[in-house]
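In the working numbering, the protein residues as written are 656 to 969.
Only one structure is covered here, and it is reproduced in the block below.
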Amino acid sequence: MKNKRSNKNSKIKSFLFFLLLAIVFWGLTKLSRQYTSAAMAKIEYVHIPDGIEVDDNNPKVISFEMTANGFAFLMYKLTEPSLKIDIGSFYTEGDEKITIREEQLILLLTAGMKKNLSISALSKNELSITLSKIVSRTVPIIGNTNFTFKEGYGTRDSLKLQPDSIRVFGPSSIVNKINAINTKLISKADIEDDISITVPLVLPDNKKISLEANEVLLELKVTEFTQMQLAVPIEVVNVPSDLTVKIIPEVTQISFIISVDDFNTISATDFKLICDYSERDTSNNSMRPKLIRQPKYISKVEFLDRSIDFLIFK
């Protein structure tokens, strides 16, 4: 009984062995045959000389027909073939474009795949590669901020960046389109003290672009503000020489916002307030005061008297 079972197992093993052997020989036969099929390779640009860049809009893939045995096609499926273009071997100083003919492309493809195969019917009769010189350009830096101040505080100076401009390096086709570099957004609330912080710059998305620095110093002077009032005389202009005009009142109060630091440095002589007789309202014998001179560092200027009455004497 045991011998019969042993013989049966032996026959099954022999059958499986010869079946596997047949499959192997069949596979080897199939792989040894020649086939022609469409194929594709990624284009890689290598050995790029200093001072130039390959533009992003250059071809990235090339298709062709490949004739080879099954082993070569198997390797093609298992690996990602590439066409390596040695820019340095084709480039001459000053070139803005390189052109590689079809026969050169076939040689490069065949050498790169390192198999006994034949390549034909390329998707491109020639490969044109556009180049850009590496250039530098100085552009302004723009501070990107969201600042709010504590009540009664603010700034009388503009935001300062150190440096306020930066050199950008990269291909001329890209650099020439960059007009400014922004800082990353900096948000602060209830500010009452001076600000001096290092802020990162927003780097361009294109990896071919570089900056001479990645951050800048952001400074902002903060001061306390208060309201101030002054009595300022009113001057009447454009009065005919044969008339005498008396205005009521001759002095008016003006109010404005000023920094505490400047509170004791300002006087009525820093202002010039006029009424233009040629613009008088004859229906009610009045004129509107106009402020034609004031310090730059004040804000929210208001007059106590919006309308000035006048009397005419001949």
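From the three backbone atoms N, C-alpha and C, an ideal C-beta is built for every residue, glycine too.
Just so you know, these numbers come straight off a predicted model, no measurement behind them.
Note the first and the last residue of the continuous alpha helix (DSSP H) segment covering PHE958. Per DSSP, PHE958 belongs to no alpha helix (DSSP H); it is in the beta strand (DSSP E), 954 to 958.
Neighbourhood of PRO950 by C-beta, 7 Å cutoff - its chain only, sequence neighbours within 5 removed: ILE921, ASP925
Hey, GLU934 and PRO826: beta-carbon distance below 9 Å or not? no
I'd like the span of the beta strand (DSSP E) that includes PHE965, first residue to last. 963 to 968
If you draw a straight line from the alpha carbon of ASP819 to that of GLU867, how long is it in whole angstroms? 13 Å
With 16 other Cβ atoms within 10 Å as the buried cut-off, status of THR838: buried
Return the residue from the list ASN713, PHE958, ASP964 that minimises the CA-CA distance to LEU782. ASN713
Check ILE889 in the structure and name its three-state DSSP category. strand
What residue range is occupied by the uninterrupted alpha helix (DSSP H) comprising GLY743? 742 to 745
Cut-off 8 Å between Cβ atoms - residues of its own chain near SER856, not counting five sequence neighbours on either side: This sequence places Leu at residue 856; Ser is not what is there. The answer, listed in chain order, is ILE796, ILE821, ILE836, ASN837, THR838, LYS839, LEU866, ALA868, ASN869, GLU870, VAL871.
Provide the residue span of the alpha helix (DSSP H) that contains VAL830, from first to last. 827 to 830
Identified DSSP bridge partners for TYR808: GLU879
Let me check understanding here. Comparing Cα to Cα, which of ARG943, PRO859, PHE918 lies closest to PHE965? ARG943
Compare the beta carbon distance of ILE947 and ILE889 with 9 Å and say whether it is the shorter of the two. no
Residue from THR754, ILE909, ILE841 whose Cα sits closest to the Cα of LEU873: ILE841
What distance in whole Å lies between the Cβ atoms of PRO904 and ASP960, which are believed to be in contact at a cut-off of 8 Å? 6 Å
Going by beta-carbon coordinates alone, are ILE644 and LYS945 separated by less than 9 Å? This structure cannot speak to residue 644, because the chain is shown only from 656 to 969.
Host beta strand (DSSP E) of GLU781 (start-end): 781 to 797
Given VAL900, which residues of its chain have a CB within under 8 Å of its CB, disregarding the five upstream and five downstream residues? VAL891, VAL894, TYR932, PHE965, LEU966, ILE967, PHE968
Would DSSP call THR907 helix, strand or coil? strand
Which residue wins for smallest C-alpha separation from VAL716, given the options PHE745, LEU760, GLU751? LEU760
Put VAL857 into one of helix, strand or coil per three-state DSSP. coil
Which first and last residues belong to the beta strand (DSSP E) in which ALA868 is found? Neither: ALA868 is in no beta strand (DSSP E) and is coded neither H nor E.
Using a 10 Å radius around the Cβ and a threshold of 16 neighbouring Cβ atoms, would you call VAL956 buried or exposed? exposed
Cα separation between PHE958 and PHE918? 19 Å
Per DSSP, the bridge partner or partners of ASN801: SER842
Relative to the alpha-carbon of SER910, which residue among LEU898, ALA923, ASP916 has its alpha-carbon at the smallest distance? ALA923
Whose C-alpha, out of TYR952, SER914, ILE902, is nearest the C-alpha of ASN940? ILE902
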